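In the working numbering, the protein residues as written are 261 to 1478.
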Amino acid sequence: MDKAAELKWQLEDSPGKAEQQEQNPDNGDKAEVPGQSAHSEDKPPQSHTPQWETLGRQFVEYEQVAPFLIPEEQQRRLLDFLPLFLKAWEQSAGVIVFPNIQLLASEVSKLLTKEIKRNLNGKPAEEARLALEQLLQQKGEAEDGRLLLKSVYLLSQTDLRTVWNIIGSGLPAALMQCLYLFFTFPLKKTSDDGQTSEDDTTTQEMLVKIMLNIYREEQGVEELLAADKLQSLIIATASLWDQCSHTWKVPTGRVLRTISKAQTKNSIVYLQAMDCIKIAIQNLFKLADTLPACDVCEAASIVLCFVKDSYPISSALLTEFENNDGYQLLVKILLRCEGLQQSEGDPYLDEILDMLTCLTTCGKTELKVSGNIVHPQLPHFDFEGTRSSGMTVKNLQAFQVLQSIFQKSNDQHLCGRILEAIGTIWAWDTVNFFLLEWTLQPMNQFTDIIHFKPHPIQVQFFRLVESIVLDLSYVPHEILKKIQYLIKENIVPFCTLTALRCLLSMTKKDLLFSDIFRDSGLLGLLLALLRKQAKILRKSAGTYLPSLEEGTEKELNAVMLKMVAALTVGSVRNTVVLKDYGMVPYIKIFLDDECYRSATLSILEQLSVINYEEYMSIIIGALCSSTQGELHLKLDLLKSLLRILESPKSHSAFRTCSGFNGLLSLLSDMEGALQDPPRGLWTAVGQNCLLELVFYTLQGITAALHLNPVNNNFFQRNGLFEKMAEDLGSLGCFWTQAEWQSPLNLEKTRTFAEFLDAAFCSSEPFPKWLKNCIWILNFLDHMVKGTLHLQSYFTERNLDMGEASRDDHERPSAQEEHLVAFKRPGNKLPASAYGLWGNHENKWEMEDCTIVHPGAVCVMVRLLPKLYKEGHSQLSQEIQCAVVDHIQSLVKSEKSRQVMCGSGLLSTIITSCQDAFRNESHPLHLPLTRVFEKLASQAIEPYVLRKFLWLGGSLSLPSRPSKNKTDALSCQGCDSTGAAWNEGSEEDMVDNKTDPQTAVPVRGSPWMSKASAVALQTAMSLISMTSPRNFQLRSTALAPSFVEFDMSMEGYGCLYLPTLATVMGPSAEKSVSGGIGMGTRMFPPSNGLTLSCWFLVSKFGLVQNSHPLRFLTVVRHMSRTEQEFVCFSVCFFPQDRSLAISTEEVEFQPLDIMEPEGEVLNPSQFPGQVQFGCGSLLVTGQWLHLAVTVAKEAKKNCIVSAYINGQTLGSAKMFMGT
């Protein structure tokens, strides 16, 4: 059963809403079955079975002797048997096990019928009424009537066959006579308190339930036709309702409704022959003006029940109802119901409306109408394919009653029920809307008068109009035109507001309405109204006009803006119309009011589709012109900006409209906002809101930089990361200290992830300023990874920084070996808010973390010294160490180091953290040194290295070089470094030229001057930068570009460079990683190569014990063998002070097993070796520059040239075997 059919079934089967629980025989009467027949599956307790067997034998004996007894004796024996029967029923828990129950029911019913007729025979109505009362309520010795009534009451609730036997006894007609007397003549006998006695109520209940049980069967109704009391009772309800017994009104209505549902063809013919409906209508017309409205409804509902319930069998009663002005009667009665108190509702009024709704489908022929569908329509609308369900409107007269009542009445309850009825008719069959609208046009006509109706009815009506589009997928153009006229006239502002909301909902349904409402002129009308309101707002800026901006008028302006926003979404043409109307300056005016802001921003966002620059200039201008206290305005503008920045096409416009500077100015305006405690203007602003503003500001910057090299270069080149660090540092949560405090011993340090979890998710107390710092560091960390613009801490999650208002989902912390127990005190955030900190999939220390915005790491480093605050020294240094460790984890990979070196992180570290470098006992000294060494091993600018070396003091060179100590520093592009060193030490070097062979102690050098621990650490760092970690080029580990060569132990050292060339052979498993560039790289390069380095010789050793000074050794390795071969080498021989260059392939041997004598090369003319003398150019104690160039000439030939301090040593043509 579908929803429509089920609704109609409920309307047909329920006599009234007020009677559903208490009066409906299908519910209440069947729910309490006091006995079951012998055929029931339920068996009585064994202890009561003999009692029923004894009764059965007694009744058999009665049957046998009854024919031979006189009637009086027969009646006496039956009456003596009934008390035993009732007692057995009570003792057997209401279960009847009686073999001859049908015969017993027939005998008892006949006897009750006989007694009723005896008491009625020949008596006037009032005496007969009193006699019946005495019969049915007899007590004591004379209680035969009550005994019979109770027995029939029990027997009528057993099985259907028993009920049929009761009906065949003639009892239905007798009971109808009783009901007529009880209803027509009021009860005079009452108890002392003025209320109906309990016995009277019990007797009434039994009598009514007997009638309900027998009249619901068609046989019972047929038996009524033998007497004329049915017609009399129906007419009496319509004529004597004000004079009848008050206590019998409801029972009589229940009985008549039950008879109505069980009507037969004969009963309909009988009622028609008796002119029952005609007389009832005539009588109701007379009572309609005098009786109270609720009483008239109750009486009329009974008559209407017979009309409605008879229609499936015959239309005779409906025809009689219509021919005798039945619909006019209903109109008169319903209009009488205006103004009734509907706090609880009138069930009979609702019943009449429900039955009237059902009558609209009662008709023999289908309505034939010609469709007049106006286009355009929604794409999925198909009227021809609409199938009828059979519940279509066929009776327009019945519907006209509903339509007429709505047009004439302004009663809220009555009009509301009529609109509900119309919605019900549409739900039965979608065709009904078109059948009604193309004939009677109810909705079209209602639109003309809807502004006169109460406000709730207006809302209900426009929802019904909205359902035409949303549920029927039909565009009612005529109705929409009238609604648009209502909006234009604006007679009742609330009605206009409700109508606009209806159209707004339609517009969101389909883009078709954007074209419909533009072509109909609605868009232009709204723009004109908004222009007028914008001018008023601009003139009244700073003043308060309650008559304009309060209540419905303000809501109306807001809905108009929403409507314009909906019309422009997805419609470039409508957006162009808005721009051509010159509305952009007026739309901006609505930004200042929060209730208009959302729709205004939506309109401006649609404007960005045709002009990004105009949108950006408006938003950035509004951000920059906003005051410090307008935080919500800034937040809304930033959220809108983020939505637009999702399009890469907007990034250029953002940059050209000074978007970066505009967002950074927001941070500048927040100077001191996050102080603890807050001061000045910020005392009235929650820090949660301030943090949200910081978050969205950084999110906007990240979104504008995302995958946009031009913006990234602009931001880096103009020093905006430095500006960001300065602005963040001035927020008030970061602290500036003059000098570092004495270091503390941190016995147990926590990782950044553990620190964050402990700060927000445990009971450990943390100062508010530190929590704010951690939030900002978290934002910067996501900015580093390029994911900040994808986060939504303050929108979807809707976090409250001061309250844990949502459930906490337990999860493991970021560290696998140290689990943090999350707790939720009242002033802490739930652990689920920090999923990115404690999730194993999103660890802080990510091995393969991709650095997208390296400048943000520099910002974190600049803020690092400002994390320290006196009074929280332990906590401050702990969080500083955690941040540095996290930064170190970001530069694990070689790619990350290359990126960070290019962003100037080395310079930032050496500039911002000088105190940590100078104080070796500082907790940040070692971790910062490790980060610096990792980056410096990749690439370092000369001025940065100079600053690093100057941290230990003066860089004056030693007056006498140490014994057996030869230093060589090699770095690509470090010519300027050597020049700088020469500038700072030229005077010392001149003095040292006089005695190059004299040795001085090591502690006399600048590295160990005055036992400087910093100088020692600097030297150790320099060694670490140039130390090899692993020389196995085939392994997964990458060789660093700087490696260690300590000459103090063996007198020699080496510098390993990354892979210079990669030639993939057919048997190679994988390419060798490392170095610069990708893919196959030949050696020597086709463009040649140049070796450039600075070196200093403190003193030449003894000839017989000297090792060569190796400047460059290129080793060739093949993937199919483990052996390496030297294919190119440049070295210096102290024996004859000559420079040797070799291209001959010889097997490579580790340096620690090379013997000095095996390294001595004799002059040779072999084309694979060449040697140049350079004794006159070598000066001990002075930095010298060596340059070797290799120019590839033919396939295996090259020209090699050597220079010292720019002076040519010589050139030679050599054979290149590789």
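For glycine and all other residues, C-beta sits at the position ideal for the given N, C-alpha and C. Here the structure is a predicted model, which means the values were calculated and not measured.
Which partner residues does Q1431 have in the DSSP bridge list? Paired residue(s): A1400.
Mark R677 as exposed unless 16 or more other C-beta atoms lie within 10 angstroms of its C-beta, in which case mark it buried. By the 10 Å Cβ count, R677 comes out buried.
Quick one: is I1170 buried, meaning 16 or more other Cβ sit within 10 Å of its Cβ, or exposed? By the 10 Å Cβ count, I1170 comes out buried.
Do Q362 and T422 have their C-beta atoms within less than 8 Å of each other? Their beta carbons are under 8 Å apart, which means Q362 touches T422 by this criterion.
If you draw a straight line from the alpha carbon of L1165 to that of Q1051, how long is it in whole angstroms? Each residue's alpha carbon lies about 26 Å from the other.
My output table needs one value for Q1354: the three-state DSSP class, helix, strand or coil. Before going further, note that residue 1354 is Trp rather than Gln in the sequence given. In this structure, W1354 counts as strand in the three-state DSSP scheme.
Whole-angstrom Cβ separation of L757 and V824, contact assumed at under 8 Å? The Cβ separation is near 15 Å, so there is no contact.
Note down, in chain order, each residue of its chain lying with its Cβ closer than 7 Å to the Cβ of Q888, except the 5 sequence neighbours on either side. So the list reads D929 and L941, once near-sequence residues are dropped.
Any idea what DSSP makes of T621, helix, strand or coil? Three-state DSSP puts T621 in coil, outside helix and strand.
Here's a check: name, in chain order, each residue in its chain whose Cβ is nearer than 8 Å to the Cβ of L902, leaving out the five neighbours to either side. Only Y956, Q959, G960, A963 and H1049 meet the Cβ criterion.
Around the C-beta of N971, are 16 or more other C-beta atoms found within 10 angstroms, so that it is buried, or is it exposed? So N971 ends up on the buried side.
Note down, one range per segment and in chain order, each alpha helix (DSSP H) of at least 4 residues found wholly within the region 347-432. The alpha helix (DSSP H) runs lying completely inside the region 347-432 and spanning 4 residues or more are 361-380, 385-396, 404-415 and 420-427, given in chain order.
Residue burial classification, E332 (beta-carbon count within 10 angstroms, cutoff 16): The residue in question, E332, is exposed, as its Cβ has fewer than 16 Cβ neighbours within 10 Å.
According to DSSP, is N584 part of a helix, a strand, or is it coil? Coil at N584, not helix or strand.
Do W1354 and W1210 have their C-beta atoms within less than 8 Å of each other? Not a contact, by the Cβ cut-off of 8 Å.
Run through the region 648-710 for me and flag every whole alpha helix (DSSP H) of 4 or more residues, listed as ranges in chain order. Runs found: 656-668, 672-688, 691-697 and 702-709.
Please classify L1211: does DSSP put it in a helix, a strand, or coil? Taken through DSSP and simplified to helix, strand or coil, L1211 comes out as coil.
For Q1395, does the three-state DSSP call read helix, strand or coil? In the structure shown, Q1395 adopts coil according to DSSP, grouped into three states.
For F693 and D614, I'd like the C-alpha separation in whole angstroms. D614 has its alpha-carbon roughly 18 Å from the corresponding atom of F693.
Using a Cβ distance threshold of 8 Å, determine whether the region 567-576 contacts the region 618-631, with at least three qualifying pairs required. With the cut-off at 8 Å, the region 567-576 and the region 618-631 touch.
Own chain residues within Cβ distance below 7 Å of F641, not counting five before or after: The beta carbon of F641 is closer than 7 Å to those of S733 and Y734 in its chain, skipping five residues each way along the sequence.
Residues in the same chain with beta-carbon distance under 7 Å from L344, minus the five sequence neighbours each way, listed in chain order, please. Same-chain partners within the cutoff: L315.
To the nearest angstrom, how far is it from the Cα of P639 to the Cα of P736? Near 14 Å, if we compare the C-alpha coordinates of P736 and P639.
Between the alpha carbons of A1479 and K374, how many angstroms are there, rounded? For the chain, the structure presents residues 261 to 1478; residue 1479 sits outside this window and is missing.
Measuring alpha carbon to alpha carbon, tell me which residue in D419, Y413, Q1431 and L609 is nearest L435. Looking at D419, Y413, Q1431 and L609, the one whose alpha-carbon comes closest to that of L435 is Y413.
Going by beta carbon distance, what residues of the same chain come within less than 8 Å of I863, once the five residues before and after it are set aside? Sequence-distant Cβ neighbours of I863 in its own chain, meaning closer than 8 Å and more than five residues away, are L821, V824, A825, T828, L838 and I847.
S1471 by DSSP, collapsed to three states: which one? Strand at S1471.
Using the beta-carbon count (16 or more within 10 Å), is T684 buried or exposed? Within a 10 Å sphere around the beta-carbon of T684 sit 16 or more other beta-carbons, which makes this residue buried.
Leaving aside the five residues before and after L787 along the sequence, list all residues of the same chain whose C-beta is less than 6 Å from its C-beta, in chain order. Cβ within range, chain order: Y841 and M843.
Who does S1461 pair with in a DSSP beta bridge? DSSP, once it has assigned bridges, lists T1449 and S1471 as partnering S1461.
If you draw a straight line from the C-alpha of F1177 to the C-alpha of A1279, how long is it? Rounded to the nearest angstrom, the two C-alpha atoms are 13 Å apart.
Assuming V481 and A522 form a contact by the criterion Cβ under 8 Å, report the distance between their Cβ atoms to the nearest whole angstrom. Taking the Cβ atoms as the reference, V481 lies roughly 5 Å from A522, within the contact range of under 8 Å.
In whole angstroms, give me the CA-to-CA distance for S260 and V1204. No statement about residue 260 is possible, as the shown extent of the chain runs from 261 to 1478 and does not include it.
From H673 to V591, what distance separates their C-alpha atoms? Distance between the alpha carbons of H673 and V591 is about 15 Å.
Distance check for E738 and N750, CA to CA, integer angstroms please. Spanning the two alpha carbons is a distance of roughly 19 Å.
Do Q657 and Y587 have their beta-carbon atoms positioned less than 8 Å apart in this structure? In this structure, Q657 lies closer than 8 Å to Y587 by Cβ.
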